[in-house]
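Just so we're aligned, residue 2 is where the sequence shown starts under the working numbering, counting upward by one. Note sheet for the following structure.
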Amino acid sequence: MARLIQIQKKDNVAIPVQDVAKGTVFANGLTALNDIPQGHKIALRPLKKNDAVIRYGSVIGCLNRDAQAGAWITGDMLELPELPSLENMPWGIDINAALPAAPRETFYGYDIPGVRFAGIRNFLGIMPTAHCVSGVLNIAVEKMRKELLPKYPNVDDIVPLNHIYGCGVAIDAREAHMWIRSLKNIMRNANFGGELMVVGLGCEKLTPAMLLDAGEITSENLINLQDCEGFTAMIAAMMGMAEKKLARLDTRRRTELPLSRLCVGLQCGGSDAFSGVSCNPAAGYASDLLVGAGATTLFSEVTEIRDSVHVIAARCVSEDVARKLAAEMRWFDEYLAAGGVDRESNTAPGNKAGGLSNIVEKTLGSIAKSGTAPVVEVLSSGERPSKRGLVFAATPASDLVCGPQQLASGMVMQVFMTGRGTPYGLAAAPVIKVVSRTQMKEFWDDLVDMNAGTVVDGEETIEEAGTRLFNMIIDTASGLYKPWAERHKLYNELAVFNPAPIT
Ligand code: CA
Numbered sequence: 002m003a004r005l006i007q008i009q010k011k012d013n014v015a016i017p018v019q020d021v022a023k024g025t026v027f028a029n030g031l032t033a034l035n036d037i038p039q040g041h042k043i044a045l046r047p048l049k050k051n052d053a054v055i056r057y058g059s060v061i062g063c064l065n066r067d068a069q070a071g072a073w074i075t076g077d078m079l080e081l082p083e084l085p086s087l088e089n090m091p092w093g094i095d096i097n098a099a100l101p102a103a104p105r106e107t108f109y110g111y112d113i114p115g116v117r118f119a120g121i122r123n124f125l126g127i128m129p130t131a132h133c134v135s136g137v138l139n140i141a142v143e144k145m146r147k148e149l150l151p152k153y154p155n156v157d158d159i160v161p162l163n164h165i166y167g168c169g170v171a172i173d174a175r176e177a178h179m180w181i182r183s184l185k186n187i188m189r190n191a192n193f194g195g196e197l198m199v200v201g202l203g204c205e206k207l208t209p210a211m212l213l214d215a216g217e218i219t220s221e222n223l224i225n226l227q228d229c230e231g232f233t234a235m236i237a238a239m240m241g242m243a244e245k246k247l248a249r250l251d252t253r254r255r256t257e258l259p260l261s262r263l264c265v266g267l268q269c270g271g272s273d274a275f276s277g278v279s280c281n282p283a284a285g286y287a288s289d290l291l292v293g294a295g296a297t298t299l300f301s302e303v304t305e306i307r308d309s310v311h312v313i314a315a316r317c318v319s320e321d322v323a324r325k326l327a328a329e330m331r332w333f334d335e336y337l338a339a340g341g342v343d344r345e346s347n348t349a350p351g352n353k354a355g356g357l358s359n360i361v362e363k364t365l366g367s368i369a370k371s372g373t374a375p376v377v378e379v380l381s382s383g384e385r386p387s388k389r390g391l392v393f394a395a396t397p398a399s400d401l402v403c404g405p406q407q408l409a410s411g412m413v414m415q416v417f418m419t420g421r422g423t424p425y426g427l428a429a430a431p432v433i434k435v436v437s438r439t440q441m442k443e444f445w446d447d448l449v450d451m452n453a454g455t456v457v458d459g460e461e462t463i464e465e466a467g468t469r470l471f472n473m474i475i476d477t478a479s480g481l482y483k484p485w486a487e488r489h490k491l492y493n494e495l496a497v498f499n500p501a502p503i504t
């Protein structure tokens with residue numbers, strides 16, 4: 002018999018688990034009045050023009066026409082609710098002090114003494130100051146991988162941190178500090194073991210002093226290509242510097258560490274109507290387990306919480322945190338307005354094809370990945386946390402931009418939830434893919450790490466799927482599991498967020 006998923010009792014729409022034909026009768030006695038695609042909304046009772054359509058217990062829009070029980074509720078039938086106000090948001094009224102107990106409290110990582118988070122991979126990261134040097138750097142890295150890496154088997158890889166900024170930018174622009182801070186923090190990610198290697202050109206606007214502290218600007222850490230006599234000398238200089246660092250990294254070993262040393266990023270992309278039913282709530286439960294055991298988890302993607310920001314504010318531990326949350330939202334509202342768009346520009350055609358009618362519905366499913374833990378800190382783009390626990394790190398929702406920004410904020414692994422599927426990955430941190438539907442896992446079996454569609458199928462609870470994901474996170478952190486994106490080396494370029502002008 003055809004099944005429907007209704008999330009909360011007061012919802013007046015539900016979604017079918019499979020495509021249904023007109024005339025299909027559901028277990029609850031409802032008859033489909035249209036052919037309705039999997040994951041799209043069906044009215045559970047007769048609705049009138051101007052009635053609120055309720056999903057996740059919240060209003061996702063108001064109807065612009067009548068709909069009979071059993072009718073397909075499409076996006077063009079819904080008018081967007083008003084954007085929640087950022088003024089005087091009630092904070093701290095939904096603090097969950099009883100997080101579930103984690104089945105494991107340690108992992109095996111690479112300790113860096115004096116550094117908040119531990120690494121989970123042993124990489125040499127190399128940061129160019131400007132894109133001008135990336136061509137030469139890429140050739141040097143190929144040579145390093147071939148000639149040096151085999152001599153240092155405890156090092157996992159060499160990661161060029163190419164980006165398109167550094168020169169040709171307005172370096173003193175109001176917002177330029179955001180991408181500069183991001184680059185500075187990305188190369189300090191714990192997966193790079195505390196080694197700093199910067200390759201500059203010599204005449205760029207992003208001077209080494211903007212990436213390195215005074216004591217770090219040494220011939221050990223910095224090469225300027227304009228100081229090298231030709232291409233061969235450039236390659237030789239980079240090889241020599243890298244070899245010294247690889248030799249040091251090679252002596253490192255994993256040790257058992259408490260989960261307080263782990264920082265995990267959460268994001269979603271290619272979402273569908275099941276994302277908020279299965280993979281995002283499962284990730285939220287895994288996040289609660291991690292946070293309960295002392296770990297730090299980052300959630301981001303401003304446009305995917307903006308319409309439910311009051312829900313997040315209610316979980317903020319202090320007025321300062323709630324105030325910074327509002328400030329980050331306000332900044333992004335203005336950023337979008339300056340580009341002549343609003344929050345609805347977030348939703349992609351694939352989201353809509355998957356049954357997500359508008360940004361409000363997408364947001365309610367998206368915030369499920371933050372679980373129920375209190376929000377202890379809010380970070381501006383590329384900032385690093387000063388606290389442990391659940392942290393909102395403000396980033397765009399774009400998968401390719403959220404990734405590098407979370408790397409800057411310290412995440413050593415990302416958990417990525419998807420409904421429609423994406424082969425996205427990062428060279429600097431393993432990315433675990435969790436899908437919302439069983440069909441997707443079967444279709445992309447060699448790209449998807451975990452199926453949360455079991456929740457949709459009624460085979461697993463959110464808690465069971467979330468615990469399974471928690472264990473996969475710990476195994477990945479300890480080097481016992483390699484996600485598919487890491488095995489295939491599916492590495493996207495670093496699209497660092499830059500709201501400042503290019504000149
Ligand atoms: Ca995303």
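Note that the Cβ used here is the ideal one computed from N, Cα and C, for glycine as well.
Heavy atom of ligand 1 within 7 Å of residue i beta-carbon
i: Cys403; result: yes
i: Asp308; result: no
i: Gln268; result: yes
i: Glu494; result: no
i: Ser276; result: no
i: Ser399; result: yes
i: Glu302; result: yes
Residue environment, residue i, which counts as buried when at least 16 other CB atoms sit within 10 Å
i: Thr256; result: exposed
i: Met2; result: exposed
i: Ser220; result: exposed
i: His489; result: exposed
i: Pro161; result: buried
i: Pro397; result: buried
i: Lys245; result: exposed
i: Asp273; result: buried
i: Thr504; result: exposed
i: Gln415; result: buried
i: Phe27; result: buried
i: Cys269; result: buried
i: Asp400; result: buried
i: Lys10; result: exposed
i: Asp20; result: exposed
i: Val342; result: exposed
i: Ala49; result: For the record, residue 49 in the displayed sequence is Lys; it is not Ala. Classification of Lys49: exposed, given that the 10 Å Cβ count is below 16.
Limits of the unbroken alpha helix (DSSP H) element including residue i
i: Gly517; result: Limits of the chain in this structure are 2 at one end and 504 at the other, which puts residue 517 out of reach.
i: Glu362; result: Ile360 to Ser367
i: Ile187; result: Ala177 to Ile187
i: Val116; result: That residue, Val116, is in no alpha helix (DSSP H); it is neither H nor E in DSSP.
i: Ser135; result: Ser135 to Glu148
i: Thr439; result: Thr439 to Phe444
Continuous beta strand (DSSP E) stretch holding residue i: start and end
i: Met507; result: Residue 507 lies beyond the stretch modelled for the chain, which goes from 2 to 504, so this question has no answer here.
i: Phe108; result: Thr107 to Gly110
i: Thr423; result: Counting along the chain, Thr423 falls outside any beta strand (DSSP E), and DSSP gives it neither H nor E.
i: Lys325; result: Where Lys325 is concerned, there is no enclosing beta strand (DSSP E), although the alpha helix (DSSP H) it sits in stretches over Glu320 to Ala339.
i: Gly126; result: Phe124 to Pro129
i: Ala17; result: One point to set straight first is that residue 17 is Pro, not Ala, in the sequence displayed. Note, Pro17: beta strand (DSSP E), Val14 to Pro17.
i: Thr256; result: Thr256 to Pro259
i: Val379; result: Val376 to Leu380
i: Ile433; result: Val432 to Val436
i: Arg505; result: Here the chain has residues from 2 to 504 only, and residue 505 is not among them.
i: Asn225; result: Leu223 to Asn225
6 Å CB neighbourhood of residue i in its chain, flanking five on each side removed
i: Ile181; result: Met211
i: Ile8; result: Tyr57
i: Tyr492; result: Gly426 and Ala428
i: Pro85; result: Val310 and His311
i: Phe333; result: Val303
i: Asp251; result: Tyr153, Asn155 and Val156
Nonlocal neighbours in the same chain, by C-beta distance under 8 Å from residue i, ignoring five residues either side
i: Trp377; result: One detail in the question is off: residue 377 reads as Val in this sequence, not Trp. Closer than 8 Å at the Cβ level, and outside the excluded window around Val377, lie Val318, Val322, Lys388, Arg389, Gly390, Leu391 and Val392.
i: Gly480; result: Tyr109, Ile121, Arg122 and Arg255
i: Ser135; result: Pro129, Pro161 and Asn163
Sequence-distant residues of its chain with Cβ nearer than 7 Å to residue i (five each side left out)
i: Ala248; result: Tyr153
i: Asn452; result: Val436, Thr439 and Lys442
i: Arg262; result: Gly110, Phe118 and Ala119
i: Val199; result: Met128, Thr130, Pro209, Leu212, Leu213, Asn222 and Leu223
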